[in-house]
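For the sequence shown, the numbering used here assigns the number -18 to the initial residue and increments by one for each residue that follows.
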Amino acid sequence: ILDYRGYGLLELSKAWEKITLETQINIAKEPGVEVSVSYPLNNAFRWFVKVNKGYGQSLIEYDRDTTRFGAGIALENYNDNR
């Protein structure tokens, strides 16, 4: 599993005005990457879209190269909005 999940994760985040772009890169023999974009709906929630590509995105499919798309609503960190 370490060949696919790796020993570390590199995470980069950049905010422009209210839009946030986040990237996670699996540092492994068989790498994976996740890119997500989010925008606030209000003080409590953000909408987001994300794409996952590569190995190790789930333990069930750790040894398969997969691509996944997702969208949803995330709860904001309440303490950051006070």
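The beta-carbon is built from N, C-alpha and C at its ideal position, and this holds for glycine as well.
Residue burial classification, residue i (beta-carbon count within 10 angstroms, cutoff 16)
i, result
"residue 53", "exposed"
"residue 9", "buried"
"residue 7", "buried"
"residue 37", "buried"
Where residue i sits in the DSSP three-state scheme
i, result
"residue 33", "strand"
"residue 39", "coil"
"residue 9", "coil"
"residue 22", "coil"
"residue -5", "strand"
"residue 57", "coil"
"residue 45", "coil"
Expected contact under 8 Å - CB spacing of residue i and residue j to nearest Å
i, j, result
"residue 27", "residue 19", "4 Å"
"residue -9", "residue 25", "Rounded, the Cβ-Cβ distance is 29 Å, inconsistent with contact."
"residue 1", "residue -7", "Actually they are not in contact, since the Cβ atoms of residue 1 and residue -7 sit about 11 Å apart, beyond 8 Å."
"residue 21", "residue -5", "About 16 Å separates the two Cβ atoms, so there is no contact after all."
Exercise for the section: Could you tell me whether the region 30 to 39 touches the region 10 to 19, where touching means 3 or more Cβ pairs closer than 8 Å? Expected result: A contact between stretches requires three or more CB pairs, one per stretch, nearer than 8 Å, and the region 30 to 39 meets this requirement with the region 10 to 19.
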